[in-house]
Amino acid sequence: MIRALAATLALIGSVVSASDIQSDLEDLVAQHRLDAVSLTVLRPDGSILADLAVGKSTQDPSPLLSISKTLAGACTMHASRSGLVSLDDTVAAHLDWDGTAGDATVAELLTHTSGYHPDRTQRDVLGLALTRPARVAALLEKRSKTERGEKGYAYSNENYLVLEAVLSSALGVPALTWCLNNVPALVAMKSLRPSPAYHALGLAGGLAANTRDLARFMFELEQGDDWPGAEVRESIIYGPGILRVAGGPAERLSHQGALCVIPRRGNSAIATRDALGWSVAFTYNHCPNRDVEASLQKLLLAAIAAD
Numbered sequence: 006m007i008r009a010l011a012a013t014l015a016l017i018g019s020v021v022s023a024s025d026i027q028s029d030l031e032d033l034v035a036q037h038r039l040d041a042v043s044l045t046v047l048r049p050d051g052s053i054l055a056d057l058a059v060g061k062s063t064q065d066p067s068p069l070l071s072i073s074k075t076l077a078g079a080c081t082m083h084a085s086r087s088g089l090v091s092l093d094d095t096v097a098a099h100l101d102w103d104g105t106a107g108d109a110t111v112a113e114l115l116t117h118t119s120g121y122h123p124d125r126t127q128r129d130v131l132g133l134a135l136t137r138p139a140r141v142a143a144l145l146e147k148r149s150k151t152e153r154g155e156k157g158y159a160y161s162n163e164n165y166l167v168l169e170a171v172l173s174s175a176l177g178v179p180a181l182t183w184c185l186n187n188v189p190a191l192v193a194m195k196s197l198r199p200s201p202a203y204h205a206l207g208l209a210g211g212l213a214a215n216t217r218d219l220a221r222f223m224f225e226l227e228q229g230d231d232w233p234g235a236e237v238r239e240s241i242i243y244g245p246g247i248l249r250v251a252g253g254p255a256e257r258l259s260h261q262g263a264l265c266v267i268p269r270r271g272n273s274a275i276a277t278r279d280a281l282g283w284s285v286a287f288t289y290n291h292c293p294n295r296d297v298e299a300s301l302q303k304l305l306l307a308a309i310a311a312d
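End of the sequence shown sits at 312 in this note's numbering; the numbers just go up one at a time, nothing left out.
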């Protein structure tokens with residue numbers, strides 16, 4: 006689902022004009038033969054620079070896929086700060102897992118350091134493990150009986166599938182329901198809902214929202230001292246459910262989501278906020294494509310103008 010988390014937008018600190026963005030976005034759609042895209046850009050003061058769509062309404066939710074993990078991270082931290090779950094809680098404390106898989110902590114699930122690999126959701130070439138609840142349940146059952154591997158950073162949907170099960174047990178209600186109704190940042194996302202196509206993935210990748218709500222979430226996201234994190238590589242930290250890139254003009258919070266079942270058939274999403282406060286959310290109905298994302302960045306840079 007994630008091919009290159011670091012390959013996201015790095016906006017620069019100039020004033021941007023929206024005058025030509027709509028036509029440029031239409032050109033991007035035509036160039037890459039896309040059916041539908043949505044783009045929202047918020048200035049550092051929170052005002053809307055662009056809230057545009059081609060082939061769909063700006064109000065229509067789009068699959069967020071792995072950006073669902075960013076929202077799951079926000080939910081888990083809210084539950085932790087409310088005293089409902091601890092980042093140090095083990096899986097076994099909430100689920101009936103008696104193998105080493107039960108020794109993983111909530112913090113390790115949030116940062117992909119649980120040792121839960123290989124990620125079996127990535128092995129189903131038809132994507133059925135990502136779209137059918139029964140397949141997801143079977144994956145969890147198998148994971149509960151699989152010994153943990155090395156605990157270094159290894160991105161895996163299974164971490165967040167297990168996290169959702171742990172939260173549901175700790176909260177006494179389905180975690181997704183609790184998150185959508187009790188976390189202020191998520192309640193404010195009026196378009197946020199389970200994705201019809203990928204709802205089986207839940208907090209791991211099964212949410213949908215429009216780009217306006219997603220960009221606003223990124224704009225308001227505050228990094229906390231209690232955030233767990235794991236080093237992906239130098240200056241890049243993952244967690245909780247967010248990629249943190251430190252240093253220089255590329256500094257940002259970001260996440261990317263993508264699912265490609267067959268060539269050209271899929272969905273992709275990007276959410277990012279740079280060090281200056283520019284926030285961008287972009288979705289398109291295509292397999293993840295670096296050329297599309299390069300064209301988007303070029304579009305934004307080309308719109309830079311004097312205030």
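Virtual Cβ for every residue (Gly too), placed ideally from N, Cα, C. Treat the numbers as computed from the prediction; the structure is a model and nothing was measured.
Open item on the list: Considering Cα atoms alone, identify which of Leu-89, Ala-106 and Arg-140 is closest to Leu-173.
Closed with: As a first step, residue 173 is located in the sequence shown; it is residue number 168 there, counting from the start. According to the sequence shown, residue 173 is Ser rather than Leu. Nearest C-alpha to Ser-173: Leu-89.
TODO: Could you have a look at Gly-234 and say whether DSSP puts it in helix, strand or coil?
DONE: Numbered from 1 along the sequence shown, position 229 holds the residue referred to as residue 234. Note: Gly-234 maps to coil in three-state DSSP.
Task: Identity of the residues DSSP links to Arg-295 by a beta bridge - done: The residue given as residue 295 occupies position 290 in the sequence shown. Per DSSP, none; premise fails for Arg-295.
Task: Rounded separation between Met-82 and Ala-143 - CA only - done: Mapped onto the sequence shown, residue 82 falls at position 77. Mapped onto the sequence shown, residue 143 falls at position 138. Those two C-alpha atoms are separated by around 27 Å.
Open item on the list: My output table needs one value for Val-111: the three-state DSSP class, helix, strand or coil.
Closed with: Numbered from its first residue, the sequence shown carries residue 111 at position 106. DSSP places Val-111 in helix when its eight states are reduced to three.
Open item on the list: If distances are taken between C-alpha atoms only, which option among His-99, Thr-277, Gly-246 and Thr-216 comes closest to Met-194?
Closed with: Locating residue 194 in the sequence shown gives position 189, where the first residue counts as 1. Cα-wise, what sits closest to Met-194 is Thr-216.
- [ ] Could you tell me whether the Cβ atoms of Ala-114 and Gly-78 are closer together than 8 Å?
- [x] Taking the sequence shown and counting its residues from 1, the one referred to as residue 114 is at position 109. Taking the sequence shown and counting its residues from 1, the one referred to as residue 78 is at position 73. Strictly speaking, residue 114 in this sequence is Leu, with Ala absent from that position. No, the Cβ-Cβ distance between Leu-114 and Gly-78 is not below 8 Å.
Task: Chain-order list of residues whose beta-carbon lies under 6 Å from that of Thr-45 (same chain, five-residue window excluded) - done: In the sequence shown, the residue the question calls residue 45 occupies position 40. Result list for Thr-45: Asp-56, Thr-216, Arg-217, Ala-220 and Ala-286, in chain order.
Open item on the list: For Leu-95 and Leu-145, I'd like the C-alpha separation in whole angstroms.
Closed with: Residue mapping note: residue 95 aligns to position 90 of the sequence shown, counting from 1. Residue mapping note: residue 145 aligns to position 140 of the sequence shown, counting from 1. Leu is not the amino acid found at residue 95; the sequence shown has Thr there. Cα to Cα, the separation comes out at about 16 Å.
Open item on the list: For a test of the three-state rule: what should DSSP assign to Arg-270, helix, strand or coil?
Closed with: Within the sequence shown, the letter at position 265 stands for residue 270. If DSSP states are grouped into helix, strand and coil, Arg-270 belongs with the strands.
Open item on the list: Does Ala-280 come out as helix, strand or coil in the three-state DSSP assignment?
Closed with: As a first step, residue 280 must be located in the sequence shown, where it is residue number 275. Note: Ala-280 maps to coil in three-state DSSP.
Task: Residue nearest to Asp-103 in terms of C-alpha spacing, selected from Pro-189, Arg-153 and Ser-300 - done: As a working mapping, residue 103 is identified with position 98 in the sequence shown. For the residues Pro-189, Arg-153 and Ser-300, the minimum Cα distance to Asp-103 belongs to Arg-153.
Open item on the list: Within a Cβ cutoff of 7 Å, which residues of the same chain sit near Leu-30, ignoring the five residues on either side of it in sequence?
Closed with: For the purposes of this step, residue 30 is taken as the residue at position 25 of the sequence shown. For Leu-30, where only same-chain residues beyond five positions count, the Cβ hits under 7 Å are Val-42, Leu-44, Leu-57, Val-59 and Leu-304.
Open item on the list: If distances are taken between C-alpha atoms only, which option among Asp-296, Arg-238 and Trp-232 comes closest to Ile-247?
Closed with: Position 242 of the sequence shown holds residue 247. Closest option to Ile-247, Cα to Cα, is Trp-232.
Task: For Gly-262: DSSP bridge partner residues - done: In the sequence shown, residue 262 corresponds to position 257, counting from 1. Ala-274, per the DSSP bridge assignment.
Open item on the list: What would DSSP say about Ala-55, mapped onto helix, strand or coil?
Closed with: For the purposes of this step, residue 55 is taken as the residue at position 50 of the sequence shown. Correct three-state label for Ala-55: strand.
Open item on the list: Just to confirm before moving on: does the CB-CB distance between Leu-70 and Ala-205 stay below 8 Å?
Closed with: Translated into the one-based positions of the sequence shown, residue 70 becomes position 65. Translated into the one-based positions of the sequence shown, residue 205 becomes position 200. No, these two residues do not count as a Cβ contact at 8 Å.
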